[in-house]
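S.K.: To start, I am sharing the structure in question, which I have written as structure tokens.
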Amino acid sequence: MFPKIKNLETAFQHVRTFCIVIVIAAFATIGFMHWQNRILSLVLQKRVYILAGNTAWAATAAEKSVYLPYEAKGQVRAFHDLFFNLDPDEKLNRRNLSRALDLADESARKVYDSLSVSGYYTAVVAGNIHQRILIDSVEVDTRQEPYHFRCFARLQITRATSEVVQNLVTEGDLYEAQRSDNNLLGLLIRHWNTTENKVLTVSNH
């Protein structure tokens with residue numbers, strides 16, 4: 001009888017040990033899965049999906065110092081495109097110029113007011129003139145705010161009988177501002193001025 005009891009005790013110990021191992025393994029597996037899910041969650045939080053038509057493009061979050069130079073150059077390009085690209089369409093010009101002025105301070109407003117008073121925009125519409133800015137490069141120092149920039153471009157002015165190409169260099173400072181529907185990147189141009197604007201070529205049609 002005693003050997004049977006001893007065998008039962010030994011079997012019970014084995015079963016208990018086995019159960020303890022199973023429980024520990026289960027908790028370890030659950031803990032590992034939770035840790036993996038946590039890592040995956042952090043990775044997904046850094047990923048943004050941008051919808052373009054029916055396609056989703058994945059964009060990964062990065063440190064500000066990484067994307068700031070690209071955003072700064074993009075803001076400068078967007079402002080100059082909106083401000084200098086003109087067509088013989090008063091409503092279109094007014095809409096684009098309004099959007100450009102949302103990206104800058106009173107320094108751009110003064111240039112706009114001066115051109116308006118001189119009749120420049122009226123002459124563009126009346127003379128069926130197409131004006132395009134061709135940006136060669138944009139330099140921005142993003143090491144410290146304000147971020148000073150210089151924009152190197154050519155201005156192409158096409159009239160019915162001639163085409164004029166001008167060399168255009170502007171500069172200014174970028175300040176961080178509140179993001180809004182009118183200023184998606186949250187960068188405001190200040191102290192904007194033209195440092196060079198000279199005629200390169202004139203060709204007759």
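With the first letter of the sequence shown counted as 1, position 40 gets the number 40 in full-length UniProt numbering; the numbers rise by one all the way through.
A virtual CB, placed ideally from N, CA and C, is assigned to each residue, including glycine.
Since we're looking at a predicted model, the values are computed, not measured.
Per DSSP, Ser-137 is paired with what?
M.R.: Looking at the DSSP assignment, Ser-137 forms a beta bridge with Phe-152.
S.K.: For Asn-167, which option in Ser-137, Arg-179 and Asn-93 has the closest C-alpha, if you only look at C-alpha atoms?
M.R.: Taking only the C-alpha atoms, the option nearest Asn-167 is Ser-137.
S.K.: Is the CB-CB distance between Gln-178 and Val-165 below 8 angstroms?
M.R.: The answer is no: Cβ separation not under 8 angstroms.
S.K.: So, is Lys-73 buried or exposed, given that buried needs 16 or more other C-beta atoms within 10 angstroms?
M.R.: By the 10 Å Cβ count, Lys-73 comes out buried.
S.K.: Assess, as a yes-or-no matter, whether the stretch 100-107 is touched by the stretch 177-193 under the definition of 3 or more beta carbon pairs within less than 8 angstroms.
M.R.: The stretch 177-193 vs the stretch 100-107: in contact.
S.K.: Compare the C-alpha of Tyr-147 against each of Arg-16, Trp-192, Leu-86 and Val-15 and name the closest.
M.R.: The candidate whose alpha carbon is nearest that of Tyr-147 is Trp-192.
S.K.: Taking a contact to mean a Cβ-Cβ separation below 8 angstroms, would you say Tyr-121 touches Asn-93 in this structure?
M.R.: Against a cut-off of 8 angstroms, the Cβ pair of Asn-93 and Tyr-121 comes out as a contact.
S.K.: To which residues of the same chain is Ile-129 closer than 6 angstroms at the C-beta, ignoring the five residues directly before and after it?
M.R.: So the list reads Arg-159, once near-sequence residues are dropped.
S.K.: To which residues of the same chain is Asp-87 closer than 7 angstroms at the C-beta, ignoring the five residues directly before and after it?
M.R.: For Asp-87, where only same-chain residues beyond five positions count, the Cβ hits under 7 angstroms are Asn-93 and His-130.
S.K.: Using DSSP with H/G/I as helix, E/B as strand and the rest coil, what is Gly-186?
M.R.: DSSP places Gly-186 in coil when its eight states are reduced to three.
S.K.: Are the Cβ atoms of Arg-109 and Leu-82 separated by less than 8 angstroms?
M.R.: In this structure, Leu-82 does not lie closer than 8 angstroms to Arg-109 by Cβ.
S.K.: Quick check on Gln-75: buried or exposed, where buried means 16 or more other Cβ atoms within 10 Å of its Cβ?
M.R.: Buried: at least 16 other Cβ atoms inside 10 Å.
S.K.: Grab me the residues of Glu-139's own chain with a C-beta within less than 6 angstroms of its C-beta, minus the 5 sequence neighbours each way, in chain order.
M.R.: Contacts found: Arg-150.
S.K.: Would you kindly report the start and end of the unbroken alpha helix (DSSP H) that includes Ser-116?
M.R.: First-last of the alpha helix (DSSP H) with Ser-116: 106-117.
S.K.: Going by alpha carbons, who is nearest to Asn-197 out of Val-15, Ile-133, Glu-145 and Arg-143?
M.R.: That would be Ile-133, whose Cα lies nearest to the Cα of Asn-197.
S.K.: Compute the distance between the beta-carbons of Asn-204 and Thr-142, then report whether it is under 8 angstroms.
M.R.: No. Outside cutoff.
S.K.: Taking 6 angstroms as the limit between beta carbons, can you name the residues of its chain near Phe-2, skipping five residues before and five after?
M.R.: Because the pLDDT of Phe-2 is 47, which lies under 50, any placement of that residue in the model is unreliable, and the number read from its coordinates should be weighed accordingly. Counting only Cβ-Cβ distances below 6 angstroms, and skipping sequence neighbours, we find nothing.
S.K.: Run the CB neighbour count on Val-124, radius 10 Å, all protein chains shown included, and call it buried at 16 or more, exposed below.
M.R.: Val-124 comes out buried.
S.K.: For Gln-178, which of helix, strand or coil comes out of DSSP?
M.R.: Three-state DSSP puts Gln-178 in coil, outside helix and strand.
S.K.: For Asn-193, which of helix, strand or coil comes out of DSSP?
M.R.: Three-state DSSP puts Asn-193 in a strand.
S.K.: Classify Thr-142 as helix, strand or coil using the three-state DSSP reduction.
M.R.: Correct three-state label for Thr-142: coil.
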